[in-house]
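Right, one structure below, let's go through it.
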Amino acid sequence: LEKVLKDSPNNSWAWGELGDCYFEAGELEEALSAYERQLRKTPDNAVLLNNMGVINKLQSRYKKATEYFKKAVEVDPNYAEAHYNLGFIMFEEGDLDEAIKQYKTTLELMPEFNLARDSLKVAMNKRDAYAKQQFTWKNL
Numbered sequence: 316l317e318k319v320l321k322d323s324p325n326n327s328w329a330w331g332e333l334g335d336c337y338f339e340a341g342e343l344e345e346a347l348s349a350y351e352r353q354l355r356k357t358p359d360n361a362v363l364l365n366n367m368g369v370i371n372k373l374q375s376r377y378k379k380a381t382e383y384f385k386k387a388v389e390v391d392p393n394y395a396e397a398h399y400n401l402g403f404i405m406f407e408e409g410d411l412d413e414a415i416k417q418y419k420t421t422l423e424l425m426p427e428f429n430l431a432r433d434s435l436k437v438a439m440n441k442r443d444a445y446a447k448q449q450f451t452w453k454n455l
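Under this note's numbering, the first residue of the sequence shown is numbered 316, with each subsequent residue one higher.
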């Protein structure tokens, strides 16, 4: 890949492949850098945007991850993984209603996505527990 990029530094496919290699090796900053080079050539690549969101999520940069996941679902509204990842971020940020919405969308697109089903149950249970707690506090 390095030879391909040396000979053709604008090869977006090679930048994406290099990013994937770095990601699999756990070299997240290098992966992000390679993906950013690819993004310059393919700004509407939903898989790439999702991958960049995942890296930011792994590094607890939730605001940046959210931007990438939102852009990914904007580019491809049928991309279940991006909806799931956006739901995960919304859950972590405490926006349970939005997390539930994203998990439901994920399951509409990919009913066999069991992790999304489990995450939906957790988010709904947490939202219900919070609502019960609020009700109890109001009635004390």
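Think of the CB as a built atom: it goes at the ideal place given N, C-alpha and C, for glycine as much as any other residue.
**Prompt:** I think His-398 touches Gln-374, with their Cβ atoms under 8 Å apart; what is that distance to the nearest whole Å?
**Reply:** Taking the sequence shown and counting its residues from 1, one reaches residue 398 at position 83. Taking the sequence shown and counting its residues from 1, one reaches residue 374 at position 59. His-398 to Gln-374, Cβ: 21 Å. No contact.
Would you report the Cα separation of Leu-363 and Glu-317, rounded to the nearest angstrom?
Here residue 363 is taken as the residue at index 48 of the sequence shown, counted from 1. Here residue 317 is taken as the residue at index 2 of the sequence shown, counted from 1. Within the model, the alpha-carbon separation for Leu-363 versus Glu-317 is close to 19 Å.
Determine, using beta carbons only, whether Thr-421 comes closer than 8 Å to chain B. Judged by its chain identifiers, the structure shown contains no chain B, having just a single protein chain.
Counting C-beta neighbours from all protein chains within 10 Å, is the total for Trp-328 16 or more, i.e. buried, or is it exposed? Taking the first residue of the sequence shown as position 1, residue 328 is located at position 13. Exposed, because fewer than 16 other Cβ atoms sit within 10 Å of the Cβ of Trp-328.
Does the stretch 319-327 come close enough to the stretch 336-344 to have 3 or more Cβ pairs within less than 8 Å? These segments do not touch.
Discussion item. Determine whether the beta carbon atoms of Phe-406 and Ala-395 lie at a separation below 8 Å.
Written reply: As a working note, residue 406 is residue 91 in the sequence shown. As a working note, residue 395 is residue 80 in the sequence shown. Not in contact: Phe-406 and Ala-395 (Cβ atoms no closer than 8 Å).
Practice task
Put Leu-430 into one of helix, strand or coil per three-state DSSP.
Solution key: The residue you call residue 430 lines up with position 115 of the sequence shown. Three-state DSSP puts Leu-430 in a helix.
Checklist line | Contiguous beta strand (DSSP E) assignments of at least 3 residues, all confined to the stretch 382-418 | finding: none
Integer-rounded CB distance, given that Phe-384 should sit under 8 Å from Tyr-401: By 1-based counting over the sequence shown, the position of residue 401 is 86. By 1-based counting over the sequence shown, the position of residue 384 is 69. Here residue 401 is Leu; the residue named in the question, Tyr, does not match the sequence. Right, their Cβ atoms sit about 4 Å apart.
* **With 16 other Cβ atoms within 10 Å as the buried cut-off, status of Ser-323** => What you label residue 323 is simply residue 8 of the sequence shown in a count that begins at 1. The residue is exposed, with fewer than 16 neighbouring Cβ atoms inside 10 Å.
**Boundaries of the alpha helix (DSSP H) in which Met-367 is found, first to last residue** = Translated into the one-based positions of the sequence shown, residue 367 becomes position 52. Met-367 -> alpha helix (DSSP H) spans 361-373.
#### Entry: Local Cβ density within 10 Å of Gly-331, reported as buried at 16 or more and exposed below that
In the sequence shown, residue 331 corresponds to position 16, counting from 1. Result: buried.
Classify Ser-327 as helix, strand or coil using the three-state DSSP reduction. Translated into positions along the sequence shown, residue 327 becomes position 12. If DSSP states are grouped into helix, strand and coil, Ser-327 belongs with the helices.
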